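> Here you go, one structure.
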Amino acid sequence: MNQVEIKAVKRIGVIGGGQLAWMMARAAQKLELELIVQTPHASDPAVAIANSAILAPIDDAQATSELATRCDTITFENEFVDLPALQPLVDRGVHFQPSLSALAPLLDKYSQRCYLRDLGLPVPHFVSLEEFQTENSRLKNQNSLVIKARRHGYDGQGTFIVKNKESLGEVLAKLENTPLLIEEFIPFAKELAVIAARSVTGEIVIYPVVETQQEDQVCHRVIVPAEIGQSVQAKIEAIAGAILQDLKAVGVFGIELFLTASGKVLVNEIAPRNHNSGHFTIDACETSQFEMHLRAISGLRLGSPRLKSAGAVMVNLLGYEHSSSDYLTKRQQLEKLPKTHVLWYNKTESRPGRKLGHVTTLLETNQLGTAKAIAQNIESIWYGE
Ligand code: ADP
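Set out below in structure tokens:
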């Protein structure tokens, strides 16, 4: 047996217990790995299927220290951790994958932008709030700007698109004590994303580039593969490879990008973990992004990221009301659609915009029109006509 096939790691600790950890736990069962989650609530999705759980906030380093005694390596479902508080654990020999040094430049959106720029990768023009206020920045003359909380933003929470000076003033007043990143608004032709993985031996695999469609800054659907030319695909693969290589990242990372009408690619964001844009891989690829992540961090050979069908479309089932319904009838209706798989995260409460589950339909063609029509049908069943 090849050296890298030997499983040195059997017990995985996961910081976070939401739907990403839940999907990771399903993959862990397949690989016969033990999974222990650190998450605040007993009702969090992954608690029900993990081997055990430590009920504590994800930024509770004391709880992570306890987690470390129960597992061989620790990984992240959620990166909103207290990095300086975790550092002493590394000094005591606790193993994090990806490493804390790979996470360090990424957790603050401004530092992440600086990191990408310094790596020579294309990003939107950006400044910190302090630079915006003092510098005679060219952003000052632009009406359309994007204001982002530097930390703890997700699903568009903490991201504000402003189109004039008045709304800029309002947003800045509202976020008075929040550290901010301010950047140019990119009138993108498409938003793209890619999932890439790197193993402990430095092997890198990259999944097909997908198109993500956001509404109010929240991902609604993902079209696989993205309708892009070979040169854009190659550019994005080179970007993903450069990032994972430079960070010496171990595990799966999600990278979000903008594609402009002139074919320019800009990096928007790196997520140092499994990502919503990669949920299609569970049903549509030879290896799911969750299995890929576990393989990477447990020292196994990476799997194949190849598509098993010509294409796929993934639609998020987002909450549209406050309710404790499990929406069984709608889920059954969706499950009857051809080549369609519904994953329901078993959350106990629905709220507007909350990710409750997702649907993936496999396609016999990679025609954008077909994917869009299928997504529309799924959404009309879920949200109503
Ligand atoms: P989050 O971390 O909350 O997902 P993002 O930075 O990914 O925040 O922004 C969410 C969405 O907001 C993006 O998917 C995109 O639709 C929009 N957006 C973010 N930055 C810009 C930008 N500079 N120009 C245009 N749209 C943007």
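If you count the sequence shown from 1, position 172 lands on 1222 in my numbering, and the numbers rise without skipping.
Idealized CB from N, CA, C, for every residue including glycine.
In this text, all values refer to a predicted model and were calculated from it rather than measured experimentally.
1) Put E1385 into one of helix, strand or coil per three-state DSSP.
2) Check whether the Cβ atoms of H1343 and N1324 lie closer than 8 Å to each other.
3) Measure the CB-CB distance between I1232 and L1171 and report whether it falls below 8 Å.
4) I'd like the span of the beta strand (DSSP E) that includes I1431, first residue to last.
5) Buried or exposed for P1388, please, with buried defined as at least 16 other CB atoms from any protein chain shown within 10 angstroms of its CB.
6) From the DSSP output, which residues share a beta bridge with H1408?
7) Using the Cα positions of Q1417 and T1410, report the straight-line distance between them to the nearest angstrom.
8) As a quick exercise: from W1072, V1255, T1119 and K1213, pick the residue whose alpha carbon is nearest that of C1335.
9) In this structure, does DSSP put G1068 in helix, strand or coil?
10) Between the alpha carbons of I1332 and R1248, how many angstroms are there, rounded?
11) Can you tell me whether Q1088 is buried or exposed? The criterion is at least 16 other CB atoms within 10 Å of its CB, across all chains shown.
12) Considering only residues of the stretch 1121 to 1159, which uninterrupted beta strand (DSSP E) runs meet the minimum length of 3 residues and lie entirely inside it, listed in chain order?
13) To which residues of the same chain is V1071 closer than 6 Å at the C-beta, ignoring the five residues directly before and after it?
14) Whole angstroms are fine: how far does the CA of V1212 sit from the CA of P1174?
15) Judging by CA-CA distance, which residue of P1229, Q1383 and S1327 is the nearest neighbour of V1259?
16) So for K1060, helix, strand or coil by DSSP?
17) The ligand ADP heavy atoms versus the CB of K1198: any closer than 7 Å?
18) Under 8 Å by Cβ, that's how I've got A1077 and E1341 pegged, so tell me the actual separation to the nearest angstrom.
19) In the structure shown, what three-state DSSP assignment does A1239 receive?
20) Once the 5 residues before and after Q1426 are set aside, which same chain residues still bring their CB inside 8 Å of it?
In short:
1) helix
2) yes
3) no
4) Segment L1418 to Y1433 is the alpha helix (DSSP H) holding I1431; no beta strand (DSSP E) there.
5) exposed
6) N1366 and L1393
7) 16 Å
8) V1255
9) coil
10) 18 Å
11) buried
12) 1123 to 1126
13) It should be noted that the sequence gives Ala, not Val, for residue 1071. Closer than 6 Å at the Cβ level, and outside the excluded window around A1071, lie V1064, V1087, A1096 and E1127.
14) 15 Å
15) S1327
16) coil
17) yes
18) 4 Å
19) coil
20) none
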